[in-house]
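Structure record follows, encoded as structure tokens.
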Amino acid sequence: MMTTARLNSFLEKKPYLIVTTGLILGFVFPDFFVFLKPLVPWVFALYTLTQALKTGLRDLGRVFTSPLPLLLILLCVHGVSPLFAFFLGKFAFGPDSPFFTGLVLTSAIPIAVSSTLWVGLAGGHLPLALTAVAIDSLLCPLTVPFLISLFLKKSVDFNASSLILSLLQMVLIPTLIGVLIHELILTKGRNKTARAHWRGLYAKFSLCFIISVNIASAQKEILSLNLLGLFLVILTVLLFNMTLGYWVARLMGYSPALTRTFIFVTGLRNNGVGIVIALSYFPPEVALPLIATILLQQPLSSIILPLLNRKSQSSTAQQ
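Everything in the sequence shown is counted per our numbering, starting at 977 for the first residue and increasing by one.
Here it is, written out as structure tokens:
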């Protein structure tokens, strides 16, 4: 019989199973998941809290002693990337398309918590990655409404104050609680990883649930659309974001560890919060670019990781 720890480890190696299961459930049981739609913000808030448990005040302090890498990451994520998505989306879909709105939304959302996993696997600078995720999550109630207003003010109408309150509930408050629990409780325990697999399982099942609700809500639109062009555009954006992180780190003369950190932290986004925003404030089809991003960004990371490791091994052999 598979234990919870083994199940969590198995799903970490095969994240596409989580996404695929969510897609299938949403298509097969649309009425059930549409009925559960009001639970999504609360499910995601608990998801954010469980992920924030990995970050402590000491991690934050280390990075703030040398803040330039963190500032450059935030500039890439919320400056250069949204501009690229805006112009590419306008060219590919037109300003009135829900895909254009969804593409801009994918560039406005904060850094993915899962980026820390890839940074760890790549031998990157984990404290910087953890801090970037935490700080970006804390800034989320300000950055997301600002970027949506800046790039979509002529295309969509949304309640900015309501969105800010939702982000406070889903991201800011749970992140603060998670950091405090890490600092006051988890760091005092003898076995800090004893319950880690339970938190990991909840994160995976909550993501599956959120995807199911979104697919159920947009089922008719999905069946009536040709999504090949959307996937190609999303792949282009993902490759641009990762390449942007790579070249910024290289131009700054950063170490290989910092360069790998920039690649994944700049490239991966928290699509869960984006889907919740799309479900709450936009037509269902706006969330389809976020679903496509979820389907592509983890497999793309799994392709890039061995390429980086191979390059690292080659450099070591030459030395």
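Heads up, the beta-carbon is just placed ideally off N, CA and C, and yes, glycines get one too.
Just so it is clear, the structure is predicted and the values come from calculations on it, not from any experiment.
Pick from the options: whose alpha carbon is nearest that of residue i?
| i | options | result |
| --- | --- | --- |
| L1144 | L1123, A1021 and G1096 | A1021 |
| P1058 | Q1273, V1224 and V1213 | V1213 |
| A1110 | F1011, F1216, P1260 and I1049 | I1049 |
| Y1222 | R1236, L1211, F1063 and I1210 | R1236 |
| F1127 | V1155, V995 and A1061 | A1061 |
| F1005 | T1242, Q1195, L1183 and D1072 | Q1195 |
| S1124 | I1149, F1258 and R1226 | It is worth fixing the name first, because residue 1124 is Ile in this sequence and not Ser. Out of I1149, F1258 and R1226, F1258 has the C-alpha closest to the C-alpha of I1124. |
| T1024 | L1115, V1089, P1045 and L1244 | V1089 |
| S1083 | G1096, L1227 and H1054 | H1054 |
| L1215 | I1000, N1190, D1007 and I1280 | I1280 |
| L1102 | G1248, R982, S985 and F1240 | F1240 |
| I1157 | L1029, I1000, V1249 and I994 | L1029 |
| I1153 | A1105, G1032, Q1273 and L1255 | G1032 |
| W1018 | C1116, I1186 and S1231 | I1186 |
| V1252 | C1184, L1204, T979 and R1226 | C1184 |
| S1188 | L1001, A981, S985 and T979 | L1001 |
| V1155 | F1207, G1205, T1107 and L1046 | T1107 |
| S1138 | L1012, I1210, S1256 and G1078 | S1256 |
| V1209 | A1268, L1148, A981 and T1151 | A1268 |
| A1263 | G1065, F1011, L1234 and P1074 | P1074 |
| I1333 | C1052, L1104 and A1098 | Look at the range of the chain in this structure, 977 to 1295, and you will see that residue 1333 is not part of it. |
| L1064 | P1282, F1040 and L1206 | L1206 |
What's the call for residue i, buried or exposed, on a 16-neighbour Cβ count within 10 Å?
| i | result |
| --- | --- |
| S1277 | buried |
| P1275 | exposed |
| G1070 | exposed |
| T1292 | Unreliable positioning characterises T1292 in this predicted model, as indicated by a pLDDT of 48, which lies under 50. A coordinate reading is not provided. |
| G1100 | buried |
| R1175 | buried |
| R1245 | buried |
| T1119 | buried |
| M1218 | buried |
| G1229 | exposed |
| F1337 | As displayed, the chain neither begins before 977 nor continues past 1295, which places residue 1337 out of reach and without an answer. |
| W1094 | buried |
| K1129 | exposed |
| I994 | buried |
| L1238 | According to the sequence displayed, residue 1238 carries Phe and not Leu. Buried. |
| N1167 | Its pLDDT being 48, under 50, N1167 is placed unreliably in this model, and the coordinates cannot settle the point. |
| I970 | As shown, the chain starts at 977 and ends at 1295. That puts residue 970 outside it, with no answer to give. |
| F1009 | buried |
| G1248 | buried |
| L1044 | exposed |
| T919 | Since the displayed the chain opens at 977 and closes at 1295, residue 919 lies outside it and no answer follows. |
| F1072 | The question names Phe, but residue 1072 in the sequence shown is Asp. Burial call: exposed. |
What residues match up with residue i in a beta bridge as DSSP calls it?
| i | result |
| --- | --- |
| I1087 | R1245 |
How far does the alpha helix (DSSP H) with residue i in it extend, from its first residue to its last?
| i | result |
| --- | --- |
| V1213 | L1204 to L1227 |
| V1109 | L1102 to L1128 |
| K1066 | S1057 to A1068 |
| V1155 | I1149 to L1160 |
| F1011 | P1006 to F1011 |
| P1045 | L1044 to L1051 |
Please determine whether the Cβ atom of residue i lies at a distance below 8 Å from any heavy atom of the ligand SAH.
| i | result |
| --- | --- |
| F1122 | You won't find the ligand SAH in this model; it holds no ligand whatsoever. |
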